[in-house]
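Engineer: Input: one structure, supplied below.
And the structure:
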């Protein structure tokens, strides 16, 4: 049976991001209502810039697992990584995925600083420990049995992605830590988030033009 598409619940930035958008809208409206036209235009453009930046940094990031790929959406980039090519999954302050010798970082899922430090200091037989300067030969195994009530959500994300990666390797007949796995991981596709990048560039240019107008 094929895996379902699973979008992991974001654990960081959502509340702050929504508040940031609301505040940008409120302050922008105040500029329009209370200030002269030029100041109002500059204020509104500045608030719009902050709103787009807030969206890109805090609300845009997302992690989705399809039956064959892991899709990572970050501030200004989208990456589609073949599941069978993933050899490492870690959640500390952010989600780190390694495939084909390349590390992909997504801030949508992370642990608090306290939990990160506690996890770093804890050693269990199946735990995934993030060592400074992670080396290509490092092997981080996921538990074969998961009791969801005993796991934090970050642990579930690590385990679920590695489980899906292992299942996809079995389906394709690829051995773990093999050249085929590395080659498949190197076929990941990365795309720029041109909509957000373009919006920020346009807002900056509009702000500069408005500032220069007498």
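In our numbering, the protein residues as written are 4 to 217. Glycine included, every Cβ here is placed at the ideal spot set by N, Cα and C.
Whose CA, out of 100, 16, 61, 214, lies closest to the CA of residue 164?
Structural biologist: The shortest C-alpha separation from residue 164 is found at 100.
Engineer: Residues in its own chain within less than 8 angstroms of residue 56 by CB, not counting five upstream and five downstream?
Structural biologist: If we look at residue 56 and ignore the five residues flanking it on each side, its Cβ neighbours are 203.
Engineer: Please return the same chain residues whose Cβ sits closer than 8 angstroms to the Cβ of residue 201, not counting the five positions on each side in sequence.
Structural biologist: Cβ neighbours of residue 201 beyond the five flanking positions: none.
Engineer: Answer yes or no: do residue 171 and residue 87 have a C-beta to C-beta separation smaller than 8 angstroms?
Structural biologist: Taking 8 angstroms as the Cβ cut-off, residue 171 and residue 87 qualify as a contacting pair.
Engineer: Would you please state the rounded distance, in angstroms, between the beta carbons of residue 104 and residue 189? I believe it to be under 8 angstroms.
Structural biologist: Sure, about 7 angstroms apart at Cβ, within 8 angstroms.
Engineer: If you measure between the beta carbons of residue 12 and residue 107, is that distance less than 8 angstroms?
Structural biologist: No, the pair does not count as a contact, with Cβ atoms beyond the cut-off.
Engineer: What is the DSSP secondary structure of residue 201, counted as helix, strand or coil?
Structural biologist: Here residue 201 sits in helix by DSSP.
Engineer: Would you tell me roughly how many angstroms separate the C-alpha atoms of residue 75 and residue 39, rounded to the nearest one?
Structural biologist: Rounded to whole angstroms, residue 75 to residue 39 spans 43 angstroms at the Cα level.
Engineer: So residue 85 is in the beta strand (DSSP E); what residue range does that whole segment cover?
Structural biologist: 80-85 is the extent of the beta strand (DSSP E) around residue 85.
Engineer: Can you find the residues in the same chain that come closer than 7 angstroms, C-beta to C-beta, to residue 219, ignoring five residues on each side of it along the sequence?
Structural biologist: Residue 219 is absent from the structure shown; the chain starts at 4 and stops at 217.
Engineer: CA-CA distance, residue 98 and residue 91?
Structural biologist: About 10 angstroms.
Engineer: Check each candidate in 197, 180, 44 and name the one with the smallest Cα separation from residue 213.
Structural biologist: Answer by Cα proximity: 44.
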